[in-house]
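Remarks on the structure that follows.
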Amino acid sequence: MDMQEPSLVPGGEAEELTLNEAAAPETAAVTAAPDPDAAAEVEEIMAEGEEDAELAADRRPDSDESLMAQAVALMAKDASEIAADDIRRLRQRYAMLHKPAADADSEQMAVQPDSEFMLMIERLKAKKSAWVAEQEALKAANLERKNAIIDEINALAEDTDNVNRTFPRYRELQDEFNAIGDVDPMQETSVWKRFQEAREHYSDNLKINKELRDYDFKKNLEDKEALLVEAAALVADEDVISAYRRLQDLHNKWRQIGPVAKELREEIWSRFREASAEVNKRYQAFFEARKAQEAENEAAKTALCEKIEAIDCSTLHTFAAWDETTRTIVAMQEEWRNLGFASKKMNRALFARFRQACDAFFAAKADFYRATREELGNNLARKQQLAERAEALKDSTDWRQATEEFVAMQKEWKTIGAVPKKYSDSLWKRFTEACDHFFDCKKKAGSGTRKVENDNLRIKREIIGMLSAIVSEEMTKEDALKKLKDLQQRWSETGHVPFREKDKLYEAYRSAIDAVRDKFALAERRAGRERFVANVNSLEGDNDKLYRERERLVRALDNRRNDLRTYENNLGFLSAKSKNGDSLLRDLERRIERLKADIRDIEDKIKILDGKL
Numbered sequence: 057m058d059m060q061e062p063s064l065v066p067g068g069e070a071e072e073l074t075l076n077e078a079a080a081p082e083t084a085a086v087t088a089a090p091d092p093d094a095a096a097e098v099e100e101i102m103a104e105g106e107e108d109a110e111l112a113a114d115r116r117p118d119s120d121e122s123l124m125a126q127a128v129a130l131m132a133k134d135a136s137e138i139a140a141d142d143i144r145r146l147r148q149r150y151a152m153l154h155k156p157a158a159d160a161d162s163e164q165m166a167v168q169p170d171s172e173f174m175l176m177i178e179r180l181k182a183k184k185s186a187w188v189a190e191q192e193a194l195k196a197a198n199l200e201r202k203n204a205i206i207d208e209i210n211a212l213a214e215d216t217d218n219v220n221r222t223f224p225r226y227r228e229l230q231d232e233f234n235a236i237g238d239v240d241p242m243q244e245t246s247v248w249k250r251f252q253e254a255r256e257h258y259s260d261n262l263k264i265n266k267e268l269r270d271y272d273f274k275k276n277l278e279d280k281e282a283l284l285v286e287a288a289a290l291v292a293d294e295d296v297i298s299a300y301r302r303l304q305d306l307h308n309k310w311r312q313i314g315p316v317a318k319e320l321r322e323e324i325w326s327r328f329r330e331a332s333a334e335v336n337k338r339y340q341a342f343f344e345a346r347k348a349q350e351a352e353n354e355a356a357k358t359a360l361c362e363k364i365e366a367i368d369c370s371t372l373h374t375f376a377a378w379d380e381t382t383r384t385i386v387a388m389q390e391e392w393r394n395l396g397f398a399s400k401k402m403n404r405a406l407f408a409r410f411r412q413a414c415d416a417f418f419a420a421k422a423d424f425y426r427a428t429r430e431e432l433g434n435n436l437a438r439k440q441q442l443a444e445r446a447e448a449l450k451d452s453t454d455w456r457q458a459t460e461e462f463v464a465m466q467k468e469w470k471t472i473g474a475v476p477k478k479y480s481d482s483l484w485k486r487f488t489e490a491c492d493h494f495f496d497c498k499k500k501a502g503s504g505t506r507k508v509e510n511d512n513l514r515i516k517r518e519i520i521g522m523l524s525a526i527v528s529e530e531m532t533k534e535d536a537l538k539k540l541k542d543l544q545q546r547w548s549e550t551g552h553v554p555f556r557e558k559d560k561l562y563e564a565y566r567s568a569i570d571a572v573r574d575k576f577a578l579a580e581r582r583a584g585r586e587r588f589v590a591n592v593n594s595l596e597g598d599n600d601k602l603y604r605e606r607e608r609l610v611r612a613l614d615n616r617r618n619d620l621r622t623y624e625n626n627l628g629f630l631s632a633k634s635k636n637g638d639s640l641l642r643d644l645e646r647r648i649e650r651l652k653a654d655i656r657d658i659e660d661k662i663k664i665l666d667g668k669l
């Protein structure tokens, strides 16, 4: 009797046979069987790495043409070389191309069933299905042939008088049985068990020639000892998966070898079973460690997906910001490539999620660059025009007019955005050299005018002192207004002052004038209010006139408020950093204060009227 060990097929758990008292020791199952799901995942793992490779430096997306070419190449292969996963991946990538937001594992992706690509997919599936049907038919035929051989061996065992004549045929039948291909996996163990029983029946129960039987036992023992040496060597093999696969080959070979002497069967099978158990134990430990690592990788990949999805592209407004974020994305892609696989269930979904987030970022970046390209071109044209105008004007001796134009061009330059980097430095150099040339020439030519400007400065300071004296002196409004008008005329007739003193001097001048006006306007406003109260008192009892007066004041109040809103809105467009901006800003603020005073005065008058109505 020979052993009846279970079939160890990748993807299936070792079948553990229940032994009874009559069973041979070699029918015991190999212990420490691997995880039922672990072996099935081995083949998947070897191919899954290709998916993460899609994050390589060349990020060109799939196209209908490239996918069709891959489908045609697959069609050209032999049906046995076409994997169902290859067909499914092609179909998924086609679906992702036509609906990128879809979940990569979803079966509800929108595809065009009548497209040329999908017709090719159907042809591939039909070719693969035909091959599978052919293999199933072949396995059925193999099963029938093996059963016939078993029946013939059993028949030979019953012919006890013709051992010498039937033994060569018995050996031929064993060789024929071993040469026959695979059968249905569900039938494999049972048919092999029947074959073993037939061989043991022939060997043990018949009075065969002892010399032939001993020779057969010896040869079988040598073959099994050689397999034992190979099995023992697998325990030290660092490649656990390769060792496990080779162990399956050894088990297949063990089944094909005939029985050994009865007294050696239990011992040799025990040795082979122990070596197999050690390999299986290492294989099981490998997959347990791999599952723990997959859980860590899944958490790390999920974190990367969340991190890249949290990037808000709407906040990126400059090339530097986009470049910095791009470096961050590339670093995350490199980190992704360095991470191992997640579980089979999550790996594809996580990869689709990560790739979708990356694609969304790079699409947004492309849109930004496309949108800013035209703006950069417009900015370049405007700055080139300014540089040309500055170069044409740099030798002008109309100092005042040219200065105003240069100042205006410098202000305009600041308002223009960025230009392409390769033009930026050279264009700025052209513009600044033209500006510097003009102002250097102006400085040399203007050295003789400094004395005149200093004299004008002294005169204007005296005018400011005279204006301040009007506020402190006692005089009538008419005399004050006449003196104010004379001093304003004298100010206008006085020439330029040194440029660095211009703004500060003008501000002091405007403040002095405002002080004079405020002094006499306050007295006039007070007198006007008293006149208004007197008029209202004279109209007391005539409600029609009082209502008409109130309506007039309400209209005046609305007009003042509209003017105030206009001035306050204009105030936001002025920049105090410009040379004339500060004085204009203060002038506008003074007008706003006057409007506010008028509004308060009108509101007081309306309250007086309301008290009479």
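As numbered in the numbering used here, residues 57 to 669 make up the sequence shown, in order.
Where a beta carbon is used, it is the ideal one built from N, C-alpha and C, also for glycine.
Between the CA atoms of residue j and residue i - distance to the nearest angstrom
i, j, result
"residue 227", "residue 292", "36 Å"
"residue 533", "residue 649", "22 Å"
"residue 420", "residue 237", "57 Å"
"residue 150", "residue 354", "26 Å"
"residue 159", "residue 209", "Caution applies to residue 159, whose pLDDT of 48 falls short of 50 and renders its modelled position unreliable; the value that the coordinates give is listed next. Taking the straight line from one Cα to the other gives about 57 Å."
"residue 257", "residue 313", "15 Å"
"residue 524", "residue 640", "22 Å"
"residue 299", "residue 402", "28 Å"
"residue 68", "residue 240", "Unreliable placement is indicated for residue 68, whose pLDDT of 32 sits below 50; no coordinate value is reported for it."
"residue 308", "residue 283", "11 Å"
"residue 142", "residue 386", "29 Å"
"residue 465", "residue 492", "13 Å"
"residue 418", "residue 130", "31 Å"
"residue 656", "residue 424", "52 Å"
"residue 270", "residue 317", "8 Å"
"residue 474", "residue 433", "9 Å"
"residue 382", "residue 618", "50 Å"
"residue 195", "residue 201", "10 Å"
"residue 472", "residue 431", "10 Å"
"residue 268", "residue 335", "36 Å"
"residue 467", "residue 569", "31 Å"
"residue 457", "residue 446", "13 Å"
"residue 541", "residue 460", "29 Å"
"residue 122", "residue 152", "14 Å"
"residue 183", "residue 380", "50 Å"
"residue 571", "residue 627", "22 Å"
CB contact below 9 Å: residue i versus chain C
i, result
"residue 517", "Included in the structure is just one protein chain, with no chain C present."
Selected residue, minimal CA-CA separation from residue i, among the options
i, options, result
"residue 124", "147, 138, 135", "147"
"residue 599", "448, 667, 449", "667"
"residue 623", "199, 652, 613, 548", "652"
"residue 555", "591, 510, 178, 485", "510"
"residue 484", "522, 317, 440", "440"
"residue 199", "480, 564, 312, 244", "244"
"residue 346", "324, 400, 435, 334", "400"
"residue 661", "647, 593, 642", "593"
"residue 609", "664, 563, 573", "664"
"residue 171", "221, 186, 120", "120"
"residue 144", "132, 176, 134", "176"
"residue 327", "285, 436, 527", "285"
"residue 644", "654, 658, 620", "620"
"residue 232", "251, 127, 414, 288", "251"
"residue 614", "588, 642, 369, 654", "654"
Cβ-based burial, residue i [other Cβ within 10 Å; buried from 16]
i, result
"residue 548", "exposed"
"residue 520", "buried"
"residue 371", "exposed"
"residue 114", "With a pLDDT of 38 at residue 114, under the threshold of 50, the predicted position of this residue should be treated as unreliable, and no value is reported."
"residue 35", "Because the chain is modelled from 57 through 669, residue 35 falls outside the range shown and cannot be assessed."
"residue 332", "buried"
"residue 531", "exposed"
"residue 315", "buried"
"residue 339", "buried"
"residue 562", "buried"
"residue 365", "exposed"
"residue 545", "exposed"
"residue 501", "exposed"
So does the region 451-462 actually touch the region 481-500, counting three or more Cβ pairs closer than 8 Å? yes
Does the pairing of the region 406-414 with the region 358-365 give three or more beta-carbon distances under 8 Å? yes
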